[in-house]
Each structure stands twice: as structure tokens, then as C-alpha cells.
């Protein structure tokens, strides 16, 4: 399956399979890492910034003696994207990476491959990049809700906002026994940001990330997979709506589908 993914042109699939390289037979891993290196080069040579971002997250799986070379190329691509003012593409949430040529009047349903949790992407012009609908089991939703509504705890931790994926509305469905949650869409996740931007703002963002995890512990909430892919950023916008990459973004923890409220 790993080799099949690398024989395709789907960089998203390549990224998923690159993470599994350690599970491949030991005798084939060196060859697979060389293939990953070639695929990263191919992806970085594409014009689509979203593809370049995905490629940047695969650098860690390339041969170690070639990772610095790849990081240098990624840095050039990031700086070039900034100079060309492709700010929106730099921060676009990965939710939409695989949605192409969509009719703005329709909805799209996609299953998140990691967990099986279903998320509905709202692709209309007034919804895209603003709202999604998540479908959660009730205990997980209740943990998310408690985290989101604990304003006092977040204020004491030093936040002037709630660093949790925003909940706008929710509805329990008897037929599915799931809670449909309308949630806010943020910018790209911390993993992609670090890999593509060269760890910009890393010291401060890591401090904020640790504060979020520790505050959840105080609330008796275990997130379940609080990794960098589930921390998302929200960059400030200028008066003309453009993204301000020079100002420290806000950080949020998302995807509470494995959360437990003790």
C-alpha cells in the first residue's frame, strides 16, 4: 500500500503513507525514503502552495542526509510565496486541500481517515473557510463543550480568548445517536505551519500549546490526540482582509473526537 501511494500523483495520500514508513519491512525502508525524497522534490516544484505545504511535512521521512537540502528548498518556497503575496494559500486550512472544482451551492461529505469521524464541509461562498459540521459521539462532544465554555479557566491561564475550536450550535440526532456540531474554521495546523515556515513563532506557540494542555488537565479533560496536527492557528487580518504573517497568530486545539471528560 505504501508503494502504491507513491506511484500515484496524490500528495495527500503520499503524506499519509510516509508516516507509516517505519512499519514497512526494514530492508525496503531506505528505498522508500529515497522515493519520498523524489516525491517531495516533485511536489515542491508545483505552483500550488497547498501541495508545497504537504511536501514540507514529509521532509522528516526523507533520508536524513538529504533533509537539510529539502528544508532549504522549503524555505525558498515559503519566502517566495510571501513575496508573491500568496498569504491566503499559505494559511488555508487543510480541510479543503482535496476539494477541487466544487459547486459553491452544494455540500460535500468527507470522512476523516484518521478516526472515521465524519465532517461535513460547507462549500457555499458564505460558508467555506467559515463553518463546518462535525458529527460526534455525545461523551466526546460534552468534553469539547466543557472545554469551550470554561472561559474563567482560560482567562486565569492568561488567554484573552478561548483557545478551543469554536462551537456555534449543536443538535443531537436520535437516528444516528450523534451530535451535529456547527464549528468555526481556523487556519492551517501547527504541523504544517512549522514545517513550511521554518518554525516561525515556535517558542511562543509551544508555550501556548502547553498552557492549553495543562488547563484541560485542570478541567479533567483528556483530549486523546493533542498533537501538532490538531492545534490550528488563526492569523490576524489587515483592513483589506489580507493575512498578516508578521503578527503572532492565535492558537486553538481542535478535533475532540477522542476526548474524555473525567
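Numbering (our numbering), first residue to last: 2 to 263. Beta carbons: idealized from backbone N, C-alpha and C, even for Gly.
Beta-carbon contacts of residue i that lie in its chain and below 7 Å, excluding the five residues immediately before and after
{"i": "residue 10", "result": "none"}
{"i": "residue 152", "result": "163"}
{"i": "residue 239", "result": "245"}
{"i": "residue 50", "result": "82, 87, 90, 91"}
Spatial neighbours of residue i in its chain, beta-carbon cut-off 6 Å, leaving aside the 5 residues before and after
{"i": "residue 17", "result": "none"}
{"i": "residue 155", "result": "163"}
{"i": "residue 265", "result": "Examination of residue 265 is not possible in this model, given that the chain is present from 2 through 263 alone."}
{"i": "residue 185", "result": "167"}
{"i": "residue 19", "result": "37, 59, 62"}
Beta-carbon contacts of residue i that lie in its chain and below 8 Å, excluding the five residues immediately before and after
{"i": "residue 203", "result": "195"}
{"i": "residue 145", "result": "137, 165, 166, 168, 182, 257, 260"}
{"i": "residue 22", "result": "3, 30, 33, 34, 37, 62"}
Simplified DSSP state of residue i, which is helix, strand or coil
{"i": "residue 16", "result": "helix"}
{"i": "residue 181", "result": "strand"}
{"i": "residue 249", "result": "coil"}
{"i": "residue 176", "result": "coil"}
{"i": "residue 259", "result": "coil"}
{"i": "residue 7", "result": "helix"}
{"i": "residue 137", "result": "strand"}
{"i": "residue 1", "result": "Outside the shown range of the chain (2 to 263) lies residue 1, about which nothing can therefore be said."}
{"i": "residue 114", "result": "The predicted model places residue 114 with a pLDDT of 47, which falls under 50 and marks its position as unreliable; any figure quoted below should be read in that light. Residue state, collapsed to three classes: coil."}
{"i": "residue 143", "result": "helix"}
{"i": "residue 244", "result": "strand"}
Whole-Å CB distance - residue i paired with residue j, under 8 Å assumed
{"i": "residue 254", "j": "residue 231", "result": "6 Å"}
{"i": "residue 234", "j": "residue 188", "result": "5 Å"}
{"i": "residue 34", "j": "residue 193", "result": "Not a contact, Cβ separation roughly 21 Å."}
{"i": "residue 263", "j": "residue 223", "result": "7 Å"}
{"i": "residue 12", "j": "residue 52", "result": "5 Å"}
{"i": "residue 14", "j": "residue 6", "result": "4 Å"}
Handout entry: Contact between the region 172-180 and the region 131-148 (3+ Cβ pairs under 8 Å)
Key = yes
Exercise for the section: Spell out a yes or no on whether the region 160-176 and the region 56-68 are touching, meaning 3 or more CB-CB pairs, one atom from each, closer than 8 Å. Expected result: no
Handout entry: Runs of alpha helix (DSSP H) lying entirely within the region 189-230, each at least 4 residues, in chain order
Key = 191-198, 203-219
Handout entry: Validate contact between the region 241-261 and the region 80-97 using beta carbons, cut 8 Å, 3 pairs
Key = yes
Practice task
Determine contact between the region 46-59 and the region 192-202, defined as no fewer than three beta-carbon pairs at a distance below 8 Å.
Solution key: yes
Practice task
Specify whether the region 68-79 and the region 204-218 touch according to this definition: at least 3 beta carbon pairs, one from each stretch, less than 8 Å apart.
Solution key: no
Practice task
With a floor of 4 residues, list each alpha helix (DSSP H) that falls wholly inside the region 65-91, ordered by position along the chain.
Solution key: 65-84
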